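First up is the structure itself, then whatever we jot down about it.
Residue numbers (this note's numbering): 1 to 101.
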């Protein structure tokens, strides 16, 4: 098949992303394909500032941060066994997986 498969993982929990990436790399290497990664992509941080009180204490504010972690995995010289192994793989529910061939 000799296609390049690019897998991008996203999650709000870095432990889930790392464990999922490790699981994908382990199953792909077992099928004999060449793996590049997991490559950590920059963390996106969204910071929200909210007033603590609705009417008084206007200067009193509270900040919240939402971080999303990403990993990139490239698979070279894949075969039909590799694709079947990836389809059967069970990943945690907090991880968003996008696959490009």
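Using N, Cα and C, we set each Cβ at its ideal position, and we do this for glycine too. Given the structure is predicted, the values throughout are model-derived calculations rather than measurements.
Counting only residues of its own chain and dropping the five nearest sequence neighbours on each side, residue 25 has a CB closer than 8 angstroms to the CB of 35, 37, 38 and 73.
If the five residues before and after residue 60 are omitted, its C-beta is found closer than 8 angstroms to the C-beta atoms of 51, 52 and 53, all from its own chain and listed in chain order. Residue burial is scored here from C-beta neighbours: residue 71 has at least 16 other C-beta atoms within 10 angstroms and is therefore classed as buried. Residue 13 sits in coil when the DSSP states are folded into three classes, being neither helix nor strand. Residue 31 is positioned such that its CB atom lies closer than 9 angstroms to that of residue 78. For the pair residue 40 and residue 8, the Cα-to-Cα distance works out to about 10 angstroms. When DSSP assignments are scanned along the stretch 37 to 95, the uninterrupted stretches of beta strand (DSSP E) that are 3 or more residues long and fall wholly within it turn out to be 61 to 76. Inclusion of residue 43 and residue 11 in the CB contact set at 9 angstroms is not warranted, their separation being larger than that value. Take the alpha-carbon of residue 46 and the one of residue 92: they are about 23 angstroms apart. In the displayed model, residue 19 falls within a helix according to three-state DSSP.
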